[in-house]
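Below is one structure; the comments refer to it alone.
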Amino acid sequence: MGKGKSDDAKVVKRKGNTKMQLKRNIGYFDGVSFIIGSIVGAGIFVSPTGVLKHSLLNVGVALVIWTASGLVSLMGSLCYAELGTALPFSGGEYSHIKRGLGSLPAFVFIWTSVFTKPASNAARALLFAEYATQPFYGVCPAPEVLKKCLALAVLWSLGILNGCSVKMAAWVQTVFTLLKMMALSVIAVSGIVLLAGGRKETLARFEDMFSSEMPNVSQIAEAFFQGLYAYGGWWSLNYMAEEMKNPSRNIPLTVMTAVPAVIVFYLLVNISYLTVLTPKEIVSSVAVAVTWADRVIPSVAWIIPLSVAVSIFGALNSSMFTLGRLSYAGSQAGHLPVLISMLNVHTCTPAPAMIFSTTIASIFIIPSDLLMLTNYFGFSAWLMIGLTCASLIVLRYREPNLHRPYKVFLPVPFLMVAMSFFLVLAPIVWSPNLQYVYAFLFMLGSFIVYIPFVYFKMHFAFLDRITCHLQLLLEVSPPDGSAEGKHE
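This is the structure we're talking about:
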């Protein structure tokens, strides 16, 4: 798909002797902000009820599952840290699967991701629009057209921002991560203070944490699913490995800072909720943080809905940044049209990749019914995590001399592979649904595109002319030293 670049496709001139490649603008604190910003979305504010509900309101089991889910996420992020330091390229899992398992599994990954990840961004944008507009309408629902217009405006604002300046995108991410962590700190610290006050009914919940009914294995697994979903996003750092300063040092350090910090905050926030509300109240609440604020800080309870909007905005910015890098890496390897791998001649940012991913996300917003389909692609995320960890194991044995600044304890990726495939199969076995078949068929549909356009390198000459005109319009140029080789 990305092959067959014509000579006239390089007509855009670079300014001076500027080297066309992604710049290493992302430091340690930026990386921490991106990971925390990716993980902490609306979930911890709105509905940390799933874990408690499937734990049968057993407080002790729920807190253990929150901790265990965090530890699994930490193990996964340490596996990714090894791959990110050994192969510091844009594209995250895509680049690692391609190196470890080959071109076809990598193409299936990018084919699926080009559908699911923009849909996820569209869902975040719509959720942000809902929280941002609802205060102006009181008890009445906000108009759908208004929410969709605001969601599109937010998507394109962030798309343009990420396509124009990495430093500005990183600055926005840092600011919004700090704001959401301040909101979580308010909840966590208030809970500690109230717990220290030592009301009898509050302390009783924690003294006999495991006293209520114990869930069975199936219910624990469901609660575990909910917990892992809340930690989703820990894999985001590898998408920006090519732009990190000193990746050999900063990738492992960033992971070891950000993920444990989120685990601690999630536990403290859940303890705070349980200090103020009973387990039954938490499970029945539509937005538990809002209910908590009405009890603890009623005069400034409006801060929580605002914090949810801020949190979603930060997570959306991070997700759009990483999706642009995925499209960029896929195009460099010939799996997407060549234009997407080009960089703006003024800023050296992957502007076409950002336009591509933002356009697809915008399409999902217009008929929002499509978003329902993406619920059935949840298993594909863990399938790709399993394949990525399998790539790590393959590379350990196939390329033992590959320079690895950081090495994870080898049983960890084996455990992650086993857990990933359990998480893929469990929902399909426990609650079989025809939509899972459609999702699987969609993934197999990638073969129809891969065989003619990637394997046999089918190419149409008119695409070169279109590419040339778009290059002139967007002022973009291929990066120096085609990454074709580095992704092989």
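The numbering of the sequence shown is my numbering, which starts it at -7 and goes up by one. Where a beta carbon is used, it is the ideal one built from N, C-alpha and C, also for glycine. Just so it is clear, the structure is predicted and the values come from calculations on it, not from any experiment.
Exercise for the section: Please confirm whether any heavy atom of the ligand PLP lies closer than 6 Å to the CB of Tyr223. Expected result: What this structure holds is no ligand at all, so the ligand PLP is not there to describe.
Exercise for the section: Taking only the alpha-carbon atoms, compute the straight-line gap between Ile289 and Asn208 and give it to the nearest angstrom. Expected result: 37 Å
Exercise for the section: Please specify which runs of the alpha helix (DSSP H), each continuous and at least 4 residues long, are wholly inside the segment 207 to 272, giving them in chain order. Expected result: Taking only runs of at least 4 residues, the alpha helix (DSSP H) segments lying wholly in the segment 207 to 272 are 209 to 222, 239 to 268.
Exercise for the section: Label Glu234 either buried or exposed according to how many other C-beta atoms from any shown protein chain fall within 10 Å of its C-beta, with 16 as the threshold for buried. Expected result: buried
Problem - Unbroken stretches of the alpha helix (DSSP H), 4 residues or longer, contained in the segment 422 to 476 - result: 426 to 436, 438 to 442, 453 to 466
Practice task
Pair every Cβ in the segment 69 to 80 with every Cβ in the segment 272 to 289, then say whether three or more of these pairs are closer than 8 Å.
Solution key: With a cut-off of 8 Å, the segment 272 to 289 and the segment 69 to 80 do not count as touching, because too few Cβ pairs lie within range.
Exercise for the section: Would you mind sorting Met232 into buried or exposed? The rule is 16 or more other CB atoms within 10 Å of its CB. Expected result: buried
Practice task
Provide the residue span of the alpha helix (DSSP H) that contains Ile324, from first to last.
Solution key: In the sequence as presented, Ile is not what sits at residue 324; that position holds Gln. First-last of the alpha helix (DSSP H) with Gln324: 295 to 324.
Problem - Best match in Phe445, Ile332, Ala253 for proximity to Leu63 [C-alpha to C-alpha] - result: Ala253
Practice task
Given a cut-off of 7 Å, decide if Ala78 and Val300 are closer than it, judged by their beta-carbon atoms.
Solution key: no
Handout entry: Own chain, CB closer than 6 Å to Pro397, minus 5 neighbours either side, in chain order
Key = Thr77, Ser240
Problem - Status (buried if at least 16 other CB within 10 Å, exposed otherwise) for Ile22 - result: Before going on, a small fix: residue 22 reads as Asp here, not Ile. Label assigned to Asp22: buried.
Problem - Cross-strand partners of Ile18 (DSSP beta bridge) - result: Met236
Exercise for the section: Assign Glu483 to buried or exposed, taking buried as 16 or more other Cβ atoms, counted over all protein chains shown, within 10 Å of its Cβ. Expected result: The question about residue 483 has no answer here: the residues shown for the chain are numbered -7 through 480.
Exercise for the section: Leaving aside the five residues before and after Thr249 along the sequence, list all residues of the same chain whose C-beta is less than 7 Å from its C-beta, in chain order. Expected result: So the list reads Val24, once near-sequence residues are dropped.
Problem - Ile179, enclosing alpha helix (DSSP H) - first and last residue - result: In the DSSP annotation of this structure, the continuous segment of the alpha helix (DSSP H) that includes Ile179 starts and ends at 158 to 189.
Handout entry: Helix, strand or coil at Asn50 according to DSSP, with G and I counted as helix
Key = In the structure shown, Asn50 sits in coil (DSSP, three-state: anything other than H, G, I, E or B).
Exercise for the section: Have a look at Asn309 and Ser203 and give me their C-alpha separation to the nearest angstrom. Expected result: Pairing Asn309 with Ser203, the inter-Cα distance amounts to about 42 Å.
Practice task
Let me know if Cys132 comes out buried or exposed under the rule of 16 or more other beta-carbons within 10 Å of its beta-carbon.
Solution key: exposed
Practice task
Leaving out five residues on either side along the sequence, give the residues of the same chain with a beta carbon under 8 Å from the beta carbon of Ser383.
Solution key: Leu75, His88, Ile89, Arg91, Gly92, Leu93
Practice task
Determine the contact status of Thr267 and Leu186, defining contact as a CB-CB distance below 7 Å.
Solution key: yes
Exercise for the section: Go ahead and label Val32 buried or exposed: buried means 16 or more other beta carbons lie within 10 angstroms of its beta carbon, across all protein chains shown. Expected result: buried
Exercise for the section: With a 10 Å radius around its C-beta and 16 neighbouring C-beta atoms as the bar for buried, classify Arg317 as buried or exposed. Expected result: buried
Handout entry: Inter-stretch contact at 8 Å, needing at least 3 Cβ pairs: the segment 46 to 53 / the segment 211 to 218
Key = yes
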